[in-house]
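In the working numbering, the protein residues as written are 362 to 765.
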């Protein structure tokens with residue numbers, strides 16, 4: 362029976378499935394591994410290439426959010442501020458998203474120590490581009506983003522077949538490649554070594570990606586309360602005369618509502634009726650700042666409501682934790698460095714798998730006429746089957762959407 366299935370080119374063993382799926386989706390998985398790895402330090406990469414983001418640390422400490430708001434208001438009086446984000450790094454400029462009639466949205470970089478505007482830049486900066494390339498090939502189409510989440514399935518097959526092939530993978534944590542062995546054997550040893558260390562990370566990746574896929578089909582957590590209220594027609598998002606002093610009062614009140622709140626970003630109302638939201642880190646390490654939110658009426662600064670990570674419910678907490686786990690931000694710089702190492706490891710692992718496949722076919726073609734003789738690159742190209750055209754289409758679409 363097995364021989365018949367093999368003649369029909371139908372996978373039989375775990376090794377067959379592992380090879381078939383890994384080769385068919387090689388290009389797409391490599392693309393996702395590389396862009397995901399870069400996204401872990403996307404803000405830092407963006408900081409390196411954007412001089413407006415780099416500031417000098419001052420011993421006096423950072424100014425208030427209100428001072429930042431006033432600095433942008435003074436420099437761009439015709440712009441409407443939508444949000445203020447304060448990155449955790451000491452040398453990062455605050456990022457204020459503004460919108461100007463006829464010009465759309467842009468970022469304003471403000472020195473958080475001097476409350477001076479350093480310059481402007483596009484909202485779709487390098488960090489956002491890296492993130493969107495990984496999340497949905499830089500496309501805003503939900504169908505495209507859903508296809509990206511479907512890559513969880515081949516990734517899961519690769520993980521399961523790996524565990525079936527190497528049930529005692531933990532015994533290979535310190536088993537170095539054999540010296541003096543043939544190249545194919547050394548590549549296999551290195552593949553198993555990196556794979557052993559990557560199993561836990563790959564498991565996290567599969568679980569978190571599966572959660573994203575579940576959310577896309579509408580079975581995920583519900584949205585947070587909007588805290589919006591009906592207002593009179595023609596009302597403005599912010600009242601006339603709103604200033605940085607009002608914003609500072611809102612921040613102080615937020616820390617009274619949630620003592621210990623470390624404010625990291627503020628969402629200003631985009632349309633009339635929306636609240637002024639003060640967000641940040643509190644007691645739970647496995648959530649984003651949006652899980653801790655205090656909301657005020659922008660006109661009166663009356664408290665409209667709020668939520669913290671401990672009260673958002675199990676489904677919303679899982680929603681938050683999956684994102685924090687996926688991008689490795691749960692442990693600050695340490696966990697992100699670890700995720701960077703694992704991401705590089707997965708990229709190398711995929712490349713090694715393709716090389717091992719090519720070495721095996723090269724070896725077999727030299728000893729049997731059943732296999733066509735090709736270069737190693739030729740074996741990889743043919744081995745990817747229709748998957749190579751899907752991968753090339755992904756690259757083309759990602760490039761087009763990113764440039765556009």
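Quick reminder that beta carbons are idealized off the backbone N, C-alpha and C, glycines included. It should be emphasised that the depicted structure is a prediction, and the values quoted were computed from it without experimental measurement.
Within 7 Å, strictly: CB atoms of residue i and residue j
{"i": "residue 495", "j": "residue 400", "result": "yes"}
{"i": "residue 633", "j": "residue 685", "result": "no"}
{"i": "residue 725", "j": "residue 682", "result": "no"}
{"i": "residue 652", "j": "residue 663", "result": "no"}
{"i": "residue 720", "j": "residue 545", "result": "yes"}
{"i": "residue 394", "j": "residue 507", "result": "no"}
{"i": "residue 468", "j": "residue 446", "result": "no"}
{"i": "residue 659", "j": "residue 694", "result": "no"}
{"i": "residue 375", "j": "residue 526", "result": "yes"}
{"i": "residue 433", "j": "residue 457", "result": "yes"}
{"i": "residue 557", "j": "residue 535", "result": "no"}
{"i": "residue 617", "j": "residue 639", "result": "no"}
{"i": "residue 440", "j": "residue 461", "result": "yes"}
{"i": "residue 696", "j": "residue 706", "result": "no"}
{"i": "residue 454", "j": "residue 472", "result": "yes"}
{"i": "residue 674", "j": "residue 654", "result": "no"}
{"i": "residue 405", "j": "residue 470", "result": "no"}
{"i": "residue 486", "j": "residue 407", "result": "yes"}
{"i": "residue 608", "j": "residue 426", "result": "yes"}
{"i": "residue 687", "j": "residue 569", "result": "yes"}
{"i": "residue 656", "j": "residue 665", "result": "yes"}
Nonlocal neighbours in the same chain, by C-beta distance under 7 Å from residue i, ignoring five residues either side
{"i": "residue 365", "result": "For residue 365, the predicted model reports a pLDDT of 49, less than 50, meaning its position is unreliable; a value from the coordinates is still stated below. Cβ neighbours of residue 365 beyond the five flanking positions: none."}
{"i": "residue 729", "result": "none"}
{"i": "residue 714", "result": "383 and 552"}
{"i": "residue 497", "result": "505, 506 and 509"}
{"i": "residue 704", "result": "394, 397, 398 and 401"}
{"i": "residue 520", "result": "563, 564 and 567"}
{"i": "residue 532", "result": "none"}
{"i": "residue 701", "result": "398, 401 and 402"}
Reduced DSSP category for residue i - H, G, I as helix; E, B as strand; rest coil
{"i": "residue 500", "result": "coil"}
{"i": "residue 428", "result": "helix"}
{"i": "residue 727", "result": "coil"}
{"i": "residue 369", "result": "Confidence at residue 369 is low in this model, with a pLDDT of 47, below 50, so the placement of that residue is unreliable and no value is reported for it."}
{"i": "residue 374", "result": "coil"}
{"i": "residue 543", "result": "coil"}
{"i": "residue 641", "result": "strand"}
{"i": "residue 684", "result": "helix"}
{"i": "residue 423", "result": "coil"}
{"i": "residue 648", "result": "coil"}
{"i": "residue 529", "result": "coil"}
{"i": "residue 719", "result": "helix"}
{"i": "residue 404", "result": "helix"}
{"i": "residue 818", "result": "The first residue shown for the chain is 362 and the last is 765, placing residue 818 beyond what the model contains."}
Contact set for residue i: own chain, Cβ-Cβ below 8 Å, skip 5 residues either direction
{"i": "residue 748", "result": "384, 385, 386, 387, 388 and 389"}
{"i": "residue 680", "result": "572, 576, 581 and 582"}
{"i": "residue 476", "result": "424, 428, 429, 431 and 432"}
{"i": "residue 676", "result": "581, 582 and 583"}
DSSP beta-bridge partners of residue i
{"i": "residue 555", "result": "DSSP lists no partner for residue 555."}
{"i": "residue 468", "result": "458 and 482"}
{"i": "residue 736", "result": "Partner(s): none; residue 736 has no beta bridge."}
{"i": "residue 667", "result": "655"}
{"i": "residue 453", "result": "415"}
{"i": "residue 444", "result": "458 and 628"}
{"i": "residue 398", "result": "According to DSSP, which records beta bridges pairwise, residue 398 is partnered with nothing at all."}
{"i": "residue 477", "result": "472"}
Test: residue i CB closer than 7 Å to a CB of chain D
{"i": "residue 405", "result": "Protein chain content of the structure displayed is limited to a single chain, and chain D is not contained in it."}
Same chain, Cβ closer than 6 Å to residue i, five either side skipped, listed in chain order
{"i": "residue 744", "result": "384 and 718"}
{"i": "residue 635", "result": "589"}
{"i": "residue 599", "result": "659"}
{"i": "residue 417", "result": "none"}
{"i": "residue 752", "result": "388 and 389"}
{"i": "residue 716", "result": "548"}
{"i": "residue 391", "result": "711"}
- If you scan the segment 583 to 638 from start to end, which runs of the beta strand (DSSP E) of 3 or more residues do you find wholly inside it? 623 to 628
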